[in-house]
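Read the structure below first, then the notes.
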Amino acid sequence: MSKDADHNRSGHHDQASCQGGHLGGYREPARGGKYDLVPSDYEGAVFTCPMHPQVRQTHSGPCPICGMALELESAPQAEEGPNPELGDFTRRFWIGAILTLPVLLIAMGPMIGLGAIREAIGQGRAQWAELVFATPVVLWCGWPFLERGWKSFASWNLNMFSLISMGVVSAWLFSVAAVFAPEVFPAGFRDMHGHVPVYFEAAAVIIVLVLLGQVMELRAREGTGKAIRALLDLASKTARIIHDDGSEEEVSLEEIQVGNYLRVRPGEKVPVDGRVIEGHSAVDESMITGEPVPVEKAKGDPVTGATINGTGSLIIEAQRIGADTVLSQIVDMVAKAQRSRAPIQKYADKVAGWFVPSVIGVAFIAFIAWAILGPEPALSYALIAAVSVLIIACPCALGLATPMSIMTATGRGAQSGILIKNAEALERFETIETLIVDKTGTLTEGKPRLIAVISEGGSAEDELLRVAATLERGSEHPLAEAIVSGAHDRGLQLSNTEMFEAITGKGVKGVVDGRSVALGNAALMQDLGLEPARLAEAAGARRDEGETVMFVAIERALAGMISVADPVKETTPAALSALHQLGFRIIMATGDNERTAVAIAKRLGIDDVRADVLPEDKARIVRDLQQQGYKVAMAGDGVNDAPALAQADVGIAMGTGADVAIESAGITLVKGNLDGIVRARRLTLATMRNIRQNLFFALFYNALGVPVAAGILYPVMGILISPMIAAFAMSASSISVVANSLRLRSINI
């Protein structure tokens, strides 16, 4: 390969970095206020709560609203250290489990045939032994829960830790008082032998079971970021740079700059985004697009970082590095989507807002009812019922129901080339019934080819094409590229254009070789006072074949027409069929002539056609359909699609299109094929079904568990669950919600 020093420019790239600035710390708000960042000594990443994203602080720890462990606001890194809270809770769990075992043997031994242990120790010393073993479990192993519970009451942000701390502290303090001052307790607290029972085993087991639930939940929550970390792991760590003298050197990716030439050998990963300078190969882009078929790459073709080169050797020019690469942008978009909140979450928030105070009220009522109506010792039964109600009612499952599903689904979508901008777009897409699709680049390849040149009035076909191609060199429209490429293929020499003017939705005008030339649709010809009636029949016949016809006028006289065709993508027919099966009504909106558009729509089975559409008309079409009561999605890839994408209930941008279109959309398809919309719909349906299942599990569990814990079944069936069983059920509810959410990682879309 020949190149000089200037050609292999080193370039300069300014990458955004998170350094040198105070990100601030957590500030306790006034009651009813917000949680903001304020100046502090902390620097680095920001931590936020999946359930309450308005909480942001510069260090890990519990959420001041719900008590959940905060997570990094930025995307997971490819190589992460252990979760400090997971490690801490795991350590507390094992120490608590070891200390709780003798407490259980002493307290519960007589029920399982091990009464000799308690008899050998003696009644009085047995209670002291339970105190010695259980106290460190409650005060050290359970300290994070007690601390969070205290903070929840101090700020009046009642949560699951409010209930846990109340239940555990009540049982432990009661037991401590029973050991140190049994004489102060009335007869209502004494058993048939006159002893005041202690509940050290309940307090200790509750702490151990809650710790176990938290450990399992933290491990499961880590799984929601695996999709992003898997994408990050795909990135190459090094690149083989070609220096100006032709020598090659393997360097770290951080040393690569825009403009560097890089060699990608067979089987290696493409290190950065760029374009092929030399070579030919098939590149596996499945990790970015979800498509299994390798894509042929030759000189001038773009390549994406983290894709895998096939059997050929490529030399590429680095064009986007660091945070600017497609992979980095995908990771950033998915991370933001995982932190967003779906509208359905507001219902769970409303329920959670009154749930904890209601549970405390139920526990109080249960205590009074058992104290008055219960069997002897009535007050002991009352304490058990109240503690069980507090422990079993876990609002954590309710709060996790939506965030866990959203986090898992957005990661799963990224693996299949579906980038979801936020949770609202994910939820809205489930209700969409009308899908508007652009033709060029969406239904078709977006790479039109010259089909025919038909001259009029004595003009030679090659001259007509040469003039048209010269004029179109100033246009960025895909049809212009087809005409210019067709002229080059015929070996025609193009000249220069003066006074070039693009007329939106109609065509182009300019001066070529001193002659005024116009190329465009019938509307442009009519603006020039020309009536292309003589070519109408031939033009109509070609439109019936799905070709796009453009008229050419030279010196304000009709000179002929040029026909181009944009091949329909191979995946389009099957995708349209699947979209119909998923309940979509499909409308094609295109600037093409109606006859051409109808021909394509009929061939593909599209329900409705809006032809001769100007760019500003697409947004109006969306608005009109919305006013008729339809939920509308718009799929497009061009700059002129951006207003319609923004107007639609859900905008779907083809990832091969313009950046402004992607910014305006709620969903981006990396590959840019319609079958991506099919996968997005299936993902949305599965996610919303998963969220509703989670909400049902959480609400049904509490609706069933709280009354049973309060003792509603005791008069009928003699059932009164212990605080230990309540603690196990509480942990199981949260774990079941998280486990159900993680099923989305393996769904087939």
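In terms of this note's numbering, the sequence shown opens at residue 587 and continues consecutively. Virtual Cβ for every residue (Gly too), placed ideally from N, Cα, C. Quick caveat: nothing in here was measured; it's all calculated off a predicted structure.
For K1033, count neighbouring Cβ atoms within 10 angstroms of its own Cβ and tell me buried if that reaches 16, exposed if not. Using a 10 angstroms sphere on the CB of K1033, the tally of other CB atoms stays under 16, which defines it as exposed.
Selection from L1116, P989, D1048 and G673 that minimises the alpha carbon distance to Q800
Nearest in C-alpha terms to Q800, of all of L1116, P989, D1048 and G673, is G673.
Three or more C-beta pairs closer than 8 Å, one from the region 780-796 and one from the region 746-758: is that the case here? With a cut-off of 8 Å on Cβ pairs, the region 780-796 is in contact with the region 746-758, counting three or more such pairs.
Straight-line Cα distance separating D1152 from L1114
Distance between the alpha carbons of L1114 and D1152: 27 Å.
F679 classed as buried or exposed, judged by whether at least 16 other C-beta atoms fall within 10 angstroms: Here F679 is buried: its Cβ has 16 or more other Cβ atoms, across all protein chains shown, within 10 Å.
Subject >> Segment contact, 8 Å Cβ cut-off, at least three pairs: the region 1016-1024 with the region 1058-1075 >> reply: Too few Cβ pairs lie closer than 8 Å, so no.
Which full runs of the alpha helix (DSSP H) of 4+ residues lie inside the region 1117-1180, going along the chain? Counting only runs of 4+ residues, the alpha helix (DSSP H) found wholly inside the region 1117-1180 occupies 1122-1130 and 1158-1167, in chain order.
- Item | Among Y847, A763 and H866, nearest to P857 - alpha-carbon criterion | Of the candidates Y847, A763 and H866, the one whose C-alpha sits nearest the C-alpha of P857 is Y847.
Is the separation between the beta-carbon of I1192 and that of V1154 shorter than 9 Å?
Cβ atoms of I1192 and V1154: not closer than 9 Å.
My parser needs the alpha helix (DSSP H) runs of 4 or more residues fully inside the region 1052-1109; what are they? With a minimum length of 4 residues, the continuous alpha helix (DSSP H) runs that stay inside the region 1052-1109 are 1064-1075.
* Quick one: grab the DSSP three-state call for D830. => When secondary structure is reduced to three states using DSSP, D830 falls in the coil class, being assigned neither helix nor strand.
Indicate the three-state DSSP secondary structure (helix, strand or coil) for K883 in the structure shown. In this structure, DSSP gives K883 an extended state, which the three-state scheme calls strand.
Candidates I684, Q713, D887 and G682, of which the one nearest A693 by Cα: Ranking the options by Cα distance to A693, first place goes to Q713.
Taking Cβ to Cβ, would you say G735 is nearer than 9 Å to I792?
Their beta carbons are not under 9 Å apart, which means G735 does not touch I792 by this criterion.
*With V1323 and M993 assumed to form a contact (beta carbons below 8 Å), what rounded beta-carbon distance in angstroms separates them?*
About 12 Å; that fails the 8 Å criterion.
Length of the line joining the Cα atoms of Q643 and E671 | Whole-angstrom Cα-Cα distance: 16 Å.
Any idea if S1081 is buried or exposed, counting beta-carbon neighbours within 10 angstroms, 16 or more meaning buried? Around the CB of S1081, fewer than 16 other CB atoms lie within 10 Å, so the residue is classed as exposed.
Sequence ranges, beta strand (DSSP E) only - wholly within the region 1246-1274, length at least 3
Runs of the beta strand (DSSP E) inside the region 1246-1274: 1253-1255.
> Does the beta-carbon distance from A987 to L1269 come in below 9 Å?
Replying inline: No.
So who's on the other strand from P989, going by DSSP bridges?
Bridge partners of P989: none, in fact.
Using the three-state DSSP reduction, which class does I916 fall into: helix, strand or coil? Three-state result, I916: helix.
Residue range of the unbroken beta strand (DSSP E) whose run includes G1222 | Under the DSSP assignment, G1222 falls in the beta strand (DSSP E) whose first and last residues are V1218 to G1222.
*Which one of G682, E864 and R1128 has the shortest CA to CA distance from V1150?*
Cα-wise, what sits closest to V1150 is R1128.
Next item on the list: Express the C-alpha separation of A1164 and G1262 in angstroms, rounding to a whole number.
Entry: G1262 and A1164 have their C-alpha atoms some 11 Å from each other.
Note to self: Taking 9 Å as the threshold (C-beta atoms), are P852 and G891 in contact?
What the structure shows: No, they are not a contact pair.
Quick one, are the C-beta atoms of A1124 and I1040 less than 9 Å apart? Judged by beta-carbon spacing, I1040 lies within the 9 Å limit of A1124, meaning their Cβ atoms are closer than that value.
(message) Cutting at 7 Å between CB atoms, please list the residues of its own chain near A1104, excluding the five before and the five after it.
(response) Leaving aside the five residues that flank A1104 on each side, the residues in its chain whose CB is nearer than 7 Å to its CB run, in chain order, G1093, K1095, L1110, L1114 and A1139.
- prompt: What three-state label does DSSP hand P783 in the structure shown?
  reply: It is coil, neither helix nor strand.
### Query
Is it buried or exposed for G618, if we count other Cβ within 10 angstroms and need 16 for buried?
Below a pLDDT of 50, predicted positions are generally treated as unreliable, and G618, at 36, falls in that range; the measurement from the model is reported next regardless. Exposed is the label assigned to G618, since fewer than 16 other Cβ atoms lie within 10 Å of its Cβ.
Item checked: Within 9 Å, strictly: CB atoms of I1037 and V1256 -> Taking 9 Å as the Cβ cut-off, I1037 and V1256 do not qualify as a contacting pair.
Chain D beta carbons: is any one of them nearer than 9 Å to that of A1251?
Considering every chain present, this structure includes no chain D. It has just one protein chain.
| task | State the Cα-Cα distance for the pair E1133 and T1020, rounded to the nearest angstrom. | result | Straight-line Cα distance between these residues: approximately 26 Å.
- Since G1237 is in the beta strand (DSSP E), which residue starts that stretch and which ends it? Here the beta strand (DSSP E) through G1237 covers V1236 to M1240.
Which residue marks the beginning of the beta strand (DSSP E) containing L848, and which one marks its end? Segment Y847 to V850, the beta strand (DSSP E) holding L848.
Own chain partners of L676 with C-beta closer than 7 Å, once the 5 adjacent residues on each side are dropped: Looking at the sequence provided, one finds Thr at residue 676 rather than Leu. Here the set comprises V801.
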